[in-house]
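Have a look at the structure below, then the notes.
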Amino acid sequence: MKHILILTTGGTISSITSKEGLIPQNADTLLKETLHDSSTELTVKSIFVLDSSNIQPEEWKIIAKQIFDALPLYDGIILTHGTDTMAYTASMISFMVQHPNIPIVFTGSQLPIEHPLTDAIDNLRCAFAMAKSDIPGVFIAFNRKIMFGCRCVKARTSSFDAFESINFKTLGRISATGLSIKREMIHTTSLKPKLVLDINTEVFLLKLTPTTSPKVIPLLIENGIQGLVIEAYGAGGISFIRRDFIKEIQAAIQKGIPVVVCSQCLYERANFNIYEVGTKVLASGAIEALDMTTEATVTKLMYALGQTSDLKKIKEIFLTPISYEINPENYNN
């Protein structure tokens, strides 16, 4: 018999309608009834009841500790979570709970579980199938797709097909034949599970527009940021005429502030070697995010800064895959 743990955190899946909009409630009984299976023993535990907009680093640490402590006791873990920040939480847990030996599966819904047209039941059953699969890792199960947690982005606000797997194939799907998994995509390891709670949350994400002033960077540093992620144009373009970001990036790095550059484009990698605007960024000492999502880039910088303040070591961490967030086989670093 399989032993599956369901950890609940709130979100739309457990919400009810009120005068002020959807409000998360405790829906543990409904969740357990939805996944009733005589061959599986289910345990449901509520961690907190929050809209995912209010799930922040403090909650990440609680979630990570709950998951890690449960690893030796269960065959799989499902974590229900609001969709708006699920990609951030799944990415962060991928770095905080390393080398898990069982499936850790995030899911949620676009409509509450009590809504007559809800997608919650399908998503829960998809997550349930993955949790029983014996395939270790951190995943998101949504709209009958199984995706790596740190590869996901919420791409649609209301569609049931809310999440996309960015720059990485979808790991699995649910169809009439059941759960189908591309097992060749899974990397096995003999490393024991590892819990990392030391993260540095003083990381800022700056999305460039043609009018963004580079003066914002020293202001951010003056206000205590210790790491900067810049969403650049295309493959990594950053302006240096009139609004000279290169100068401020170099100044930040000289002060020991790591600067990581990713692309505003969802698909394909950041590549500083294509255009002059990119090579100048590379020469400044900035770190390429390669094919990582923005969510994975931000959370990995928080993780890296929690381990070290040495810029060379931070770069090494960024260029070393931890949980499928980058594909090093595509690059010559």
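Counted the way this note's numbering counts, the sequence shown spans residues 1 to 333. Glycine is no exception: its CB is placed at the ideal position from the N, C-alpha and C atoms.
Taking the alpha helix (DSSP H) that residue i belongs to, which residues open and close that run?
i, result
"residue 301", "294 to 307"
"residue 125", "120 to 131"
"residue 96", "86 to 96"
"residue 316", "311 to 318"
"residue 325", "Here residue 325 belongs to no alpha helix (DSSP H), and DSSP marks it neither H nor E."
"residue 247", "245 to 254"
"residue 67", "57 to 70"
"residue 222", "216 to 222"
Quickly, what does DSSP pair residue i with across the bridge? List them, please.
i, result
"residue 137", "103"
"residue 77", "5 and 104"
"residue 227", "203"
"residue 232", "263"
"residue 194", "98"
"residue 287", "260"
"residue 142", "145"
"residue 173", "145 and 180"
"residue 163", "154"
How many whole angstroms separate the CB atoms of residue i and residue j, which I take to be in contact at a CB cut-off of 8 angstroms?
i, j, result
"residue 294", "residue 205", "7 angstroms"
"residue 228", "residue 196", "Wrong, their Cβ atoms sit about 22 angstroms apart, outside the cutoff."
"residue 59", "residue 48", "7 angstroms"
"residue 94", "residue 263", "Rounded, the Cβ-Cβ distance is 20 angstroms, inconsistent with contact."
"residue 298", "residue 203", "6 angstroms"
"residue 63", "residue 107", "At roughly 14 angstroms, the Cβ-Cβ gap does not stay under 8 angstroms, so residue 63 and residue 107 are not in contact."
"residue 46", "residue 113", "Residue 46 to residue 113, Cβ: 14 angstroms. No contact."
Residue i lies in the beta strand (DSSP E); which residues open and close that run?
i, result
"residue 40", "40 to 50"
"residue 154", "152 to 154"
"residue 179", "178 to 181"
"residue 148", "145 to 148"
(request) Determine, using beta-carbon pairs with one atom in the stretch 3 to 11 and one in the stretch 53 to 73, whether at least three such pairs fall under 8 angstroms. (result) With the cut-off at 8 angstroms, the stretch 3 to 11 and the stretch 53 to 73 touch.
(message) Does the structure place the stretch 313 to 322 close enough to the stretch 162 to 180 that three or more beta carbon pairs sit under 8 angstroms?
(response) Short answer: they don't touch.
(message) Can you confirm whether the stretch 91 to 110 touches the stretch 129 to 144 when touching is taken to mean that 3 or more C-beta pairs between the two stretches lie within less than 8 angstroms?
(response) Yes, the stretch 129 to 144 touches the stretch 91 to 110.
(message) Under 8 angstroms, with one C-beta from each stretch per pair, do the stretch 206 to 214 and the stretch 148 to 163 reach the 3-pair mark?
(response) Touching, no.
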